Structures are given as C-alpha cells and as structure tokens.
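Beneath this line is the structure, given in structure tokens, with notes to follow.
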Amino acid sequence: MSHDITHDGVADHHDHDHKPKGFVKRWLMTTNHKDIGTLYLIFAFAMFILGGAMAMIIRLELFQPGLQFVEPDFFNQMTTMHALIMVFGAVMPAFVGLANWMIPMMIGAPDMALPRMNNWSFWILPFAFALLSSTLFMEGGAPAGGWTMYPPLVLQGGHNVAYLVFAVHLMGISSIMGAINVIATIMNMRAPNVGYLNMPLFVWTWLITAFLLIAVMPVLAGAVTMLLTDRYFDTSFFNAAGGGDPVLFQHIFWFFGHPEVYIMILPAFGVVSEIIPTFARKPLFGYVSMVYATAAIAFLSFIVWAHHMFSVGMPLGAELYFMYATMMIAVPTGVKIFNWVATMWKGSMTFETPMLFSLAFVILFTIGGFSGVMMALAPVDLQYHDTYFIVAHFHYVLVTGAVFAIIAGVYYWIPKWSGHMYNERLGKIHFWWSTISVNVLFFPQHFLGLAGMPRRIPDYSTQFAEFNMWSSIGGFAFGLAQVFFIYIVWKTVRGGEKATGQVWEGAKGLEWTVPSPAPHHTFEDFGPVDLDKMAHGKTH
Amino acid sequence: MQREQENRKVLKIGLTVAVLMVGFGFALVPLYDIICDITGLNGKTGVLAAQDVRETAVDHTVVVQFDGTVNSDLPWSFRPKQFSMEVVPGKLYHTEYIAKNISTDDVTGQAVPSVAPNEASIYFSKTECFCFTEQLLASGEEKNMPVTFIVSADIPKDIDVLTLSYTFFNKNRMTTAEKQQAGNANHEKI
Ligand code: HEM
Ligand SMILES: [Cu+2]
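For the record, the sequence lines run as chains P and V. Each residue of the first sequence is one higher than the one before, counting from 1 in full-length UniProt numbering. Each residue of the second sequence is one higher than the one before, counting from 1 in full-length UniProt numbering.
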C-alpha cells in the first residue's frame, strides 16, 4: 500500500530522488515518512520557541518579588499555556517526528504503514494550536487555571474553555492516529527477517508508548468533554451543587496524566539507548531486560495516578497503596539506569555532542527520579505538594530528561537527515551552555519548594528573592542557548562537512546502511536486510 | 495486498480501542459513585439501617462537630447553632443551623453535606435534613435549618470525633440558556 501511495507517480528505482515539486505537493500533501518527520520536528521546534518565550515572561516576573511586568491573571495564562504548549506541542510532536524519520529506516520498511493518515495526523496539529493560541487575543484571555484544568477554576475563565477543549480533542485525535500508525508500522512493515527482538530499543520504546497513547488520550478527551458540558450544557459531572464531585475530575485527569508523563519519557529512553552504545563502542547492556523494564514501567504507570492527589483527603489505605505502587516504579527505572552505566563500563568512550547530552540525561534524569521518589512518600508530599519542589522535579525529568534526549537525537541523526556534519565545537558549546544554565535554573527551585514557595504565583515573599533571581538568570541563559541551537541546526542543514553513510564509527543499525542524506525512498523492495548490521538479536 | 489488509486491521482495532477508552473515561463517573457509596471515600453519608439504632454501651461516645460554609455565589450567611455535641452511637439526635439571606433578592439554596474522616462517613446517617430539599429564603429572611441524625452503633471504637460539614450552593445560578437570554436582552436594550 505504502508503496504506491508514497510514490509521486514515477515508479522507478533510480538512485536520485523523486521529490514532488512545489510547496503544496511536497509538504502539504506529502505522505513520505521523512518529509512528515521533518514537518513534525519543525513544528515542535516552533512550539518549543513559543512555549519558551512564555517561560521567559514567567521568569522575568519572578526575577524579583513584587509585581513588575505583568498582571497576575496574565501570569497565570502564561504558566497554563506554557505547559500545554510544551507538553502537547513541543515534546510529543518532537518524538513523533523522530519516530517518523527513524522507525521505518530502523526496521527496513519503505514508509509508515498508513501514510495518508500520517499526513492527516500532522496537519491537524497546526489547527489545534492555532485554536489554543487564539485565546490569548480574546476577551478574558487564555486559559489560566493550570494545564491540569481542574474544575471549578478552569470553568470560571470565560469562553476560552471551549477553545481549550476542542484544541485538546484535536491533539488527542492526532496522537491517536499517530500511535496507530506506529503500531501498524512496527507490527506489519518490518523487513521479513527482522524479528521483534532484533528491533532497536528506540523502536521498542515507541511501540510501548503508542499503546499508552491509545489507552489514555481518549480518557483525556472524555474528561475535557465533561468540562465542556458542565460549562455549557448544565451537566454536573464536577459541580458539587448539582451532585457532582470536582475530585472525580482529578481521578480521571491523572488516570491520563501519569501515563502521559511516561509517554514523554519512554521514547527518550529509546533515544539514549541508541546513542550510548554507539559512543561506548559496546552493545547495549541487558537489551532484553531493557525491553521488559519499559513494559513494566508502562504497566505500572496505570496504577499509580493518585500520587498526584495525596492532599485531596484520601483514606489511609489508598494513600498507602498509591505510595508503595509509585515507589515500585523506581525499580524498573533503576534497571535502565544501571544498564546504561554498564554499557559504558570499560567501553572505549568518546564524547561527541550526542553522547554528552545522553550522559547529562542519565545523571540529571536520575536527580528528577530521586525527587519523584521523595514525593511518592505520602506523608512528606503534603509538604512538597504544589510547591516549587515539584516544579523542580518535573523540569528535571522533562527538560533535562525528555528535551535533552530530543536534542541528543537531533545531533545524532542530523547528519543522516541533512547529509552534513554539525559543527562539533559549536555543539559542545551548546551542550555546556545548556547544562550549566539548566541547573542554575532548576536546582534552586528544590530549595524554594522546601522553604514553602507555592507554584503558579506571580509574587512571593522576600525570603525567596535570592534563589528566584538565580533561577531567572539560569532561565534566560538556557533560553538563549536554545536560540544558539537553532543557529547550529540551520547552519548544518545549509552546509558543512559531508557526512558519510555510516556517520559514527561505532553506530549499528539499518539507518546507517543508507547514504547520507537518506534518499527520499529507502528499503523500497520489502526484501530481507543484513542482520549483521543490526545491534541486537545476534551474538557478535 | 496482504500487508495492506493487515494494516487496515490494526487501524480498525486501534480505533475501536480508542473509542472504547472514551467510554471507559465516562464509565469512571458511575464507577466512582459506586466506589464512594461502598467506601464513603468522598464523605457522602451512609444510609440508615435497622441495626444502626440500638442501645450500646455508654462507654463509647463520639463528638460530632458541626461546620457550615456558603459557596461564594450565594449571598447568605450560614452557621451551626451549636458547634459540637457529644453523642452516644445508636441514638437519634437533633440540631439546627441558621441561614439568612443577606441580599435584596429571593434566593434558593441547596446544601451539600459531607462527613470527615472518610472512614466515619458510612456510619453517619441523617433521618431528617434541610439538605434533602432546596431551601427558598426571601430577601432578608432568616430561618432555622433542622437536622436529625444518628451515628451507627457499629462505628469503630477508635473513631471518637467526626465532623459534619455543609456547603450551601446557589440554586438560582442561571442555566446557560437563561444567561444567553439575559445577555440578549441586555444587547437589545443597548
Ligand atoms: C521514579 C519515577 C517518578 C516518581 C516516583 C514520580 C513521582 C511524582 C509524584 C509523587 C508527583 C506528584 C507531586 C505532587 O503533586 O505533590 C509527581 C509529579 C509530576 N511528575 Fe513525576 N515521578 C516520577 C517520574 C516522572 C517522569 C519520568 C516524568 C515525566 C517525564 C514526571 C513528570 C511529572 C510531572 C509533569 C508532574 C507534575 C504534574 C502537575 O501537577 O502539574 N515524573 N511525580
Ligand atoms: Cu505521576
């Protein structure tokens, strides 16, 4: 199927590409997994900048105590929109972009299984975010009740609710279609001799992520639909006066929300599991245990949701259950971390930029995991909850976790995409600049939280002034570093040292068997591939 | 092509699962109510059963605290007449709250009760309560709001304090359709 649909009408197999001409044909109507991957990555990058700009406004206001630059209500719009845009607009689409580019090439498939749906999943996104962002210019402004959309607060902010709900619906449809596509591709499109246990870990983590997406995005869609009907059609799902219960929303939201955080981190695990063996020049340690650990994390993510709700007044038994279940997640996560470290053990390591970002990932993600385990303790979470401590926690796992893995992946694969090597010196500058500033930005927030500074507030008591100033300075520096990243990517796409097909000396995997830049069509014949080129499943 | 059929099959299964999961999201609503009824998780009070009413040893008494608040949409004042009461499980007791409409309009309110701690809530039942029906107060009117309740004789010995709390909500909160009409009427005036 993909064979004839991806093709632009000329059915031959010469080695020069047959890219469709003109913007509309090439991009708007594309069904090519590489083009769609590129679109996803560009879109995610644009959203990263937009969400980042909002973060800069937040840090500017928090630079000093007192209200200097923005109104409190606008500040709350910024925190809400920043989170929604980063979660649904930047991190998730970036991983879908990587999946589109790499999964078919990693398993020897000519394209994604359902290429026309693939086009659709992407092109829904700009509309979803146009809808969401348009609320910024409306009377009453954008949603300001937090990305968690808790009622009754979220329902008290004017008509942006309707836009928010429909935008979330569209994002949900897009992710579900994307997930189905990933599953179909991995199950049906592998080259005939590639078995499940030959697959690279990036493919495995994405397969499991796709199942999570199909399971929980619809639940979120249901929850926001109930918000919509509570607001406009006088239902009382969450309205206490009408017999509903606002706490019910929290249960439904976090039933989605906790698996969602793993949707954002499992593909990141996959990316660093590709990169570390390459630069340690050793096969990944414990490949099969990595697969099982990923599956275990995915399963556990469904039964721990109420650790976000320790303070709503649950009975003791429930608090204990969610506490122990949550702590259990640290076990498979620990397995992964030990495996990465063991992969590097006695390897002949080199420290190119993708490896540097992956190493930072391992260390800094672990810090985020530790603060997570602290918050999993129900009795002490009563102190941490809704403070800057949790802000520090999720930025360690999401920025130095998910975002660092995406950046590492971009450096790792951009020679394959563009045919050019990035400038290693600039890459290293970008790495140190980002890593130092991100710690200046988020580490002090642990202390702020422990000292009692609440999250989502535009002003604070003067005792918090110093740490906030550091945090803001780190924030501005980190923001600037990412502008520098755009420059590096731009320069690499435009020119630079020619990349070989192999690109990295120690890299294994089918993507390195095709030339750089990867031709528009690869693995078109559905034939068997050379298993010796793959990293897993054989004794070497 | 074989592969095309298999891809379509995955698509169909995937979409079916997605639709079922939307259903699951909605099914959580009744499920939540059922779980709360059984466990008293959200502080909803229990239902009176025959064995609740019986003489028990007087050595176990329970302090019931009374609490009352109004939702910000409701222009009333509302408070318990008496802040706490020591009761013997298995016996009926009576108390009152006082509500006053401090606005210039007639307003209907609806009280929603809850009992803390959650573990105690299924042992607490009301035989008569102002929260069973809507309450209309004319502008400036003050009214006594009676409650008759019983703490079940089965209540565990380690619970010796429980709190009965009411929040009064505005029932006149306009429905969306009414708001729309009011809005249109305003427009016409301008
Ligand atoms: C060992 C693993 C982890 C544990 C034990 C853990 C535990 C927790 C707990 C208990 C909370 C709630 C804190 C509170 O509200 O008081 C929380 C919040 C959060 N976690 Fe984690 N976490 C872990 C890993 C992760 C990962 C991998 C991610 C994402 C990639 C993540 C993202 C978040 C987010 C976004 C929130 C905040 C949600 C909000 O209220 O806005 N966590 N975590
Ligand atoms: Cu969680």
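Every residue gets a Cβ at the ideal spot worked out from N, C-alpha and C, and that includes glycine. On a predicted model such as this, the values are computed, not experimentally measured, just so you know.
What does the alpha-carbon distance come out to for the pair residue i and residue j?
i         : j         : result
V:Tyr-166 : P:Tyr-262 : 40 Å
P:Val-391 : P:Ala-184 : 37 Å
V:Ser-84  : P:Gly-89  : 53 Å
P:Val-341 : P:Gly-372 : 21 Å
V:Glu-6   : P:Ala-402 : 33 Å
V:Ala-116 : P:Met-78  : 37 Å
P:Ile-367 : P:Asn-439 : 11 Å
P:Gly-157 : P:Ala-142 : 8 Å
P:Ala-360 : P:Val-503 : 22 Å
P:Arg-190 : P:Pro-104 : 8 Å
P:Phe-443 : P:Ala-465 : 15 Å
P:Thr-225 : V:Ile-122 : 32 Å
P:Ala-481 : P:Pro-151 : 37 Å
P:Gly-419 : P:Pro-259 : 36 Å
P:Leu-213 : P:His-33  : 20 Å
P:Ala-144 : P:Ile-457 : 11 Å
P:Phe-74  : P:Ser-472 : 18 Å
V:Phe-26  : P:Val-219 : 8 Å
P:Gly-108 : P:Ile-180 : 19 Å
P:Trp-147 : P:Asn-76  : 10 Å
P:Phe-310 : P:Leu-248 : 14 Å
Evaluate residue i with the Cβ neighbour count: other Cβ atoms within 10 Å of its Cβ, from every protein chain shown; 16 or more gives buried, anything less gives exposed.
i         : result
P:Val-24  : exposed
P:Arg-425 : exposed
V:His-94  : exposed
P:Trp-490 : exposed
V:Leu-31  : exposed
P:Asp-530 : exposed
P:Trp-206 : buried
P:Pro-110 : buried
P:His-159 : exposed
P:Glu-497 : exposed
P:Leu-316 : exposed
V:Gln-110 : buried
P:Asp-381 : buried
P:Met-534 : buried
V:Glu-134 : exposed
V:Ala-138 : exposed
Please report the residue range of the beta strand (DSSP E) in which residue i lies.
i         : result
P:Ser-273 : Not the beta strand (DSSP E): P:Ser-273 falls in the alpha helix (DSSP H), residues 246–280.
V:Met-145 : 142–151
V:Met-85  : 84–87
P:Gly-172 : P:Gly-172 -> not in any beta strand (DSSP E); alpha helix (DSSP H) instead, spanning 160–188.
V:Gln-135 : 135–137
V:Thr-79  : Before going on, a small fix: residue 79 of chain V reads as Arg here, not Thr. Unbroken beta strand (DSSP E) run through V:Arg-79: 76–80.
V:Gly-109 : 107–116
V:Phe-124 : 124–129
Just reading off the alpha helix (DSSP H) that residue i is part of, what are its end residues?
i         : result
P:Gly-475 : 465–494
P:Asp-230 : 201–232
V:Ala-99  : No alpha helix (DSSP H) holds V:Ala-99; the beta strand (DSSP E) holding it covers 92–101.
P:Leu-531 : P:Leu-531 -> no alpha helix (DSSP H), and no H or E assigned at all.
P:Ala-408 : 404–418
V:Phe-168 : Element bounds for V:Phe-168: not the alpha helix (DSSP H) but the beta strand (DSSP E), 161–170.
V:Asp-67  : That residue, V:Asp-67, is in no alpha helix (DSSP H); its beta strand (DSSP E) goes 62–70.
P:Gln-77  : 72–84
P:Asn-119 : 115–134
P:Arg-59  : 33–61
P:Pro-354 : 353–376
Quick one: measure Cβ to Cβ for residue i and residue j, integer angstroms, because I've assumed they're closer than 8 Å.
i         : j         : result
P:Gly-479 : P:Met-86  : Wrong, their Cβ atoms sit about 13 Å apart, outside the cutoff.
P:Met-355 : P:Ile-275 : 6 Å
P:Thr-31  : P:Asn-119 : 5 Å
V:Gln-82  : V:Val-161 : No, V:Gln-82 and V:Val-161 are not in contact; Cβ-Cβ is about 15 Å, not under 8 Å.
P:Met-177 : P:Met-117 : 5 Å
P:Val-271 : P:Ala-408 : 6 Å
Counting pairs of Cβ atoms below 8 Å between the segment 136–147 of chain V and the segment 97–104 of chain V, do you hit three or more? yes
State whether the segment 237–247 of chain P contacts the segment 159–167 of chain P, with contact taken as three or more CB pairs (one from each stretch) at a distance under 8 Å. no
If contact is defined by three or more beta carbon pairs under 8 Å, each pair taking one atom from either stretch, is the segment 266–274 of chain P in contact with the segment 312–324 of chain P? no
Do three or more CB pairs link the segment 157–172 of chain V to the segment 62–74 of chain V at distances below 8 Å? yes
Counting beta carbon pairs with one atom in the segment 93–108 of chain P and one in the segment 197–205 of chain P, are three or more of them shorter than 8 Å? Using a Cβ-Cβ distance cut-off of 8 Å, the segment 197–205 of chain P and the segment 93–108 of chain P are in contact, since at least three pairs of beta carbons, one from each stretch, lie closer than that value.
Touch check for the segment 104–113 of chain V and the segment 151–161 of chain V: three-plus C-beta pairs under 8 Å? Taking 8 Å as the limit for Cβ pairs, the verdict is that the segment 151–161 of chain V does not touch the segment 104–113 of chain V.
Just checking, does the segment 294–313 of chain P make contact with the segment 124–142 of chain P on the three C-beta pairs under 8 Å criterion? no
Report yes or no: do the segment 448–455 of chain P and the segment 375–388 of chain P share at least 3 C-beta pairs separated by less than 8 Å? For the pair of segments examined, the segment 448–455 of chain P was found to touch the segment 375–388 of chain P: the number of CB pairs separated by less than 8 Å reaches three.
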